[in-house]
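Below is one structure, written out as structure tokens; comments come after it.
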Amino acid sequence: MATYAVNPDAVAHVRELIDKKQYVLDSDWGDVQPDAEAQNAYLERHSWGEYAAWHLGLTEGANDETKARYAFVCGDLRRVHRSGLIACVYRAAEWRHKEVELAAHDLLQRLDKTAGIS
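When the count follows our numbering, it moves up by one through the sequence shown with no breaks and lands on 211 for the last residue.
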């Protein structure tokens, strides 16, 4: 099983988006999560650093500037999705990636507080 480190640049990016209210509260993550085609289109117009900023996890041992390096996407490459953060928390918890789980959980709490969800 792959192991992951938290991507501090992504955590900072997502915090900034939350603070700027660039988020979606209600979405079906299965429908809005970026697929391979959307990711490829994004990479045609953006740097690998910008792509990485959407992924809370870095796959240990994978080469930089490859899709395999980046895991736990939490937005549609435009806005953070609450459902995406929930998916990250759940998936990281399920596979025992505790650092990523906690980072996603903290971001989810920040989003909920910012959005006035109690």
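Don't be surprised by glycine CBs; every beta carbon is placed ideally from N, CA and C.
request  = Let me know the secondary structure DSSP gives residue 168 once reduced to three states.
outcome  = Counted from its first residue, the sequence shown places residue 168 at position 75. Residue 168 falls in the strand class under three-state DSSP.
query = Using a Cβ-Cβ cut-off of 8 Å (strictly less than) and excluding sequence neighbours within five positions of residue 211, which residues of its own chain qualify?
reply = In the sequence shown, the residue the question calls residue 211 occupies position 118. Once the five neighbours on either side are set aside, the close Cβ partners of residue 211 are 205.
request  = Return the first residue and the last residue of the beta strand (DSSP E) that residue 105 is part of.
outcome  = Here residue 105 refers to the residue found at position 12 of the sequence shown. Counting along the chain, residue 105 falls outside any beta strand (DSSP E), though it belongs to the alpha helix (DSSP H) covering 101 to 112.
query = Going by DSSP, which residues form a beta bridge with residue 125?
reply = The count along the sequence shown starts at 1 and reaches residue 125 at position 32. Paired residue(s): none; residue 125 is not in a bridge.
request  = Flag this pair as touching only if the segment 96 to 104 and the segment 126 to 140 have three or more C-beta atom pairs under 8 Å; answer yes or no.
outcome  = no
request  = Taking only the alpha-carbon atoms, compute the straight-line gap between residue 110 and residue 146 and give it to the nearest angstrom.
outcome  = Your numbering for residue 110 matches position 17 in the sequence shown. Your numbering for residue 146 matches position 53 in the sequence shown. In a straight line, the C-alpha of residue 110 is about 11 Å away from that of residue 146.
key: Simplified DSSP state of residue 198, which is helix, strand or coil   = Here residue 198 corresponds to residue number 105 of the sequence shown, with the count starting at 1. Three-state DSSP puts residue 198 in a helix.
inquiry  = Taking the alpha carbon of residue 202 as the reference point, which residue from 182, 190, 171 and 170 has its own alpha carbon closest?
reply    = Translated into the one-based positions of the sequence shown, residue 202 becomes position 109. Among 182, 190, 171 and 170, the Cα nearest to that of residue 202 is on 182.
Endpoints, the beta strand (DSSP E) within which residue 150 is located = Here residue 150 corresponds to residue number 57 of the sequence shown, with the count starting at 1. Where residue 150 is concerned, the enclosing beta strand (DSSP E) stretches over 148 to 152.
request  = State the Cα-Cα distance for the pair residue 178 and residue 143, rounded to the nearest angstrom.
outcome  = In the sequence shown, counting from the first residue as 1, residue 178 sits at position 85. In the sequence shown, counting from the first residue as 1, residue 143 sits at position 50. Rounded to the nearest angstrom, the two C-alpha atoms are 18 Å apart.
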